[in-house]
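The sequence shown begins at 1 in full-length UniProt numbering and counts up by one.
Cβ atoms here follow ideal geometry from the backbone N, Cα and C, with glycine treated the same way.
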Amino acid sequence: MHSGPPPGAQPGGYPGAQPGPYGGMPHAGFPQPGMPPAGMPPGGMPPGGAWQGGVPGYAPPMQWTPVQPLRGLATAVSILLGVVAAIDVLSAIAFFRRASLFGDLRDGRLFAFSEADDADDLVEASLGLLGFGALATAIVFMIWFHRARSNTEAWYAPQATMSKGWAIGGWFIPLANYVIPMIVANDTWKRSDPQPAGPMGRPASKALLWAWWIVFGLSGILFSISFGVRETKEDVEDGEVSYLDYIDGGETGDNLAGVSSLLRIAAAVLAILVVQKITKWQSQRLGLEPVGPIAYAPGMPPGGPGFPAPQPGGLYPGSHPGSQPGHYPGSQPGSQPGAQPGAQPGWGGQQPPPAPPTQGPDLHKH
């Protein structure tokens, strides 16, 4: 057993972790792995998690919440999504080619029977490949999806609408699978975003998230409709539909399926961007990647490492009259539970969390 952190470990962080995003000061939105201000159990910190709470007057007693890595799964999901997108290129070509043959048949243009057979074979081959690719991608994506949602339990974040179990279960409920996964994705997005954790931080836009879900949903709806508009050869032979209706249905169905394939290509690209974005945010939350500039709320000028500039007299914009210099917007003197006389300014009468220890915990304790 070692008495100190492994080589390369930063005080109060994982090995190789970047300094804190606000000039090294710990913040409730950014758990400091290995740096609990109080209540560390004997033997130090187990690897792979984050501490919650432990700041008197701000949070309940500290507890350990495990965090699982996302980077490897995110890479696997991105590769599989790229493979599915490539298969969809073949699928779009196959459907549009066969749709053109249906059009030639309706207009009385001649073509060889071998062309029709080749078109059918290409459609069947692309659908078979797409089935295998989509199944493998769905399995890995749902593992990543559930892990990403579970990780958000390890830090302070906005309240979730649905529990983490719906990250998997929501995909298997007919019709509801067009709604529930998006709710979970929205929870994961807003709870992973590190910007709101900073003072005056503004949440990132959800345009990318919504674009992915809308395009993905439309592709699935069009693909289902493409099968519903077709007529079968058996119906033609039984006299239930005309041969012309069979041709028109086949052409319309193949064109819709081709458009669905193009939408799935776009959805795959957008999904890769969403996966990489959330994965990067969670790495920043854990201090494994540096945090970029904070996006401030409207009317809040930056002033220092992650804090807005105070107004004349030392008050932050929006402070209540009578606030002490350095108080956050909306704070009142001594308004926080557990306020102590002589507290440092900037914490609403509450002492800030202590600085990281000079010697990290034992990461090799089992």
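Cut-off 6 Å between Cβ atoms - residues of its own chain near Asp-104, not counting five sequence neighbours on either side:
Start at 1 with the first residue of the sequence shown, and residue 104 comes out as number 104. Phe-111, listed in sequence order.
Tell me the DSSP secondary structure of Pro-181 in three-state form.
Within the sequence shown, residue 181 is the residue found at index 181, counting from 1. For Pro-181, the three-state secondary structure derived from DSSP is helix.
Ile-265 and Val-89 closer than 8 Å at C-beta:
By one-based count along the sequence shown, residue 265 stands at place 265. By one-based count along the sequence shown, residue 89 stands at place 89. Yes, these two residues count as a Cβ contact at 8 Å.
Who are the near neighbours of Val-215 in its chain, counting only those whose CB is closer than 8 Å to its CB and skipping five residues on each side?
Locating residue 215 in the sequence shown gives position 215, where the first residue counts as 1. Close CB contacts of Val-215 within its chain, under the 8 Å cut and outside five residues either way in sequence, are with Leu-263, Ala-266, Ala-267 and Leu-270 (chain order).
8 Å Cβ cutoff met for Val-241 and Glu-231
Translated into the one-based positions of the sequence shown, residue 241 becomes position 241. Translated into the one-based positions of the sequence shown, residue 231 becomes position 231. In this structure, the beta-carbon distance from Val-241 to Glu-231 falls below 8 Å.
Am I right that Arg-109 and Thr-152 are in contact with their C-beta atoms under 8 Å? What's the rounded C-beta distance?
Start at 1 with the first residue of the sequence shown, and residue 109 comes out as number 109. Start at 1 with the first residue of the sequence shown, and residue 152 comes out as number 152. Between Arg-109 and Thr-152 a beta carbon distance of about 58 Å is seen, past the 8 Å cut, so the two are scored as non-contacting.
For Ile-79, count neighbouring C-beta atoms within 10 Å of its own C-beta (all shown protein chains included) and say buried if the count is 16 or more, exposed if not.
Here residue 79 refers to the residue found at position 79 when the sequence shown is read from its first residue. By the Cβ neighbour-count rule, Ile-79 is exposed, with fewer than 16 other Cβ atoms within 10 Å of its own.
Buried or exposed for Thr-161, going by 16 or more other Cβ atoms inside 10 Å?
For the purposes of this step, residue 161 is identified with residue 161 of the sequence shown, where counting begins at 1. Thr-161 comes out exposed.
Sorted by chain position, which residues of the same chain lie with C-beta nearer than 6 Å to Lys-164's C-beta, five sequence neighbours on each side aside?
In the sequence shown, the residue the question calls residue 164 occupies position 164. Arg-149 and Ser-150, listed in sequence order.
Taking the C-alpha atoms as reference points, what is the distance between Leu-101 and Gln-68?
Numbered from its first residue, the sequence shown carries residue 101 at position 101. Numbered from its first residue, the sequence shown carries residue 68 at position 68. Within the model, the alpha-carbon separation for Leu-101 versus Gln-68 is close to 51 Å.
By a C-beta neighbour count over all protein chains shown, 10 Å radius and 16 as the cutoff for buried, is Ile-173 buried or exposed?
Start at 1 with the first residue of the sequence shown, and residue 173 comes out as number 173. Exposed.
Cβ-Cβ distance between Leu-130 and Ile-87 below 8 Å:
Taking the sequence shown and counting its residues from 1, the one referred to as residue 130 is at position 130. Taking the sequence shown and counting its residues from 1, the one referred to as residue 87 is at position 87. For the 8 Å CB-CB criterion, Leu-130 and Ile-87 form a contact.
Whose C-alpha, out of Gly-239, Val-259 and Lys-233, is nearest the C-alpha of Ile-247?
Looking up residue 247 in the sequence shown gives position 247. Closest by alpha carbon: Lys-233.
Check each candidate in Arg-285, Tyr-243 and Trp-212 and name the one with the smallest Cα separation from Asn-186.
Translated into positions along the sequence shown, residue 186 becomes position 186. When Arg-285, Tyr-243 and Trp-212 are compared, the shortest CA-CA separation from Asn-186 is found for Trp-212.
Over what stretch of residues does the alpha helix (DSSP H) that includes Ala-271 continue unbroken?
In the sequence shown, the residue the question calls residue 271 occupies position 271. Residues 243-285.
Just the Cα atoms here: how many angstroms apart are Ala-94 and Ala-119?
In the sequence shown, counting from the first residue as 1, residue 94 sits at position 94. In the sequence shown, counting from the first residue as 1, residue 119 sits at position 119. Roughly 6 Å separates the two Cα atoms.
Which residue spans inside the region 91-161 form an unbroken alpha helix (DSSP H) run of at least 4?
The region 91-161 contains these whole alpha helix (DSSP H) runs: 113-151.
Cα-Cα separation, Leu-135 to Arg-106:
What you label residue 135 is simply residue 135 of the sequence shown in a count that begins at 1. What you label residue 106 is simply residue 106 of the sequence shown in a count that begins at 1. One C-alpha to the other measures close to 36 Å.
Taking 7 Å as the line, does the beta carbon of Gln-284 fall inside it for any heavy atom of the ligand SAH?
In the structure shown, the ligand SAH is absent, as is every other ligand, since no ligand is present at all.
Flag this pair as yes or no: are the beta carbons of Gln-284 and Pro-194 separated by less than 8 Å?
Locating residue 284 in the sequence shown gives position 284, counting from the first residue. Locating residue 194 in the sequence shown gives position 194, counting from the first residue. Contact: yes.
So what's Pro-69 in DSSP terms, helix, strand or just coil?
Translated into the one-based positions of the sequence shown, residue 69 becomes position 69. Assigned with DSSP and collapsed to three states, Pro-69 falls in coil, not helix or strand.
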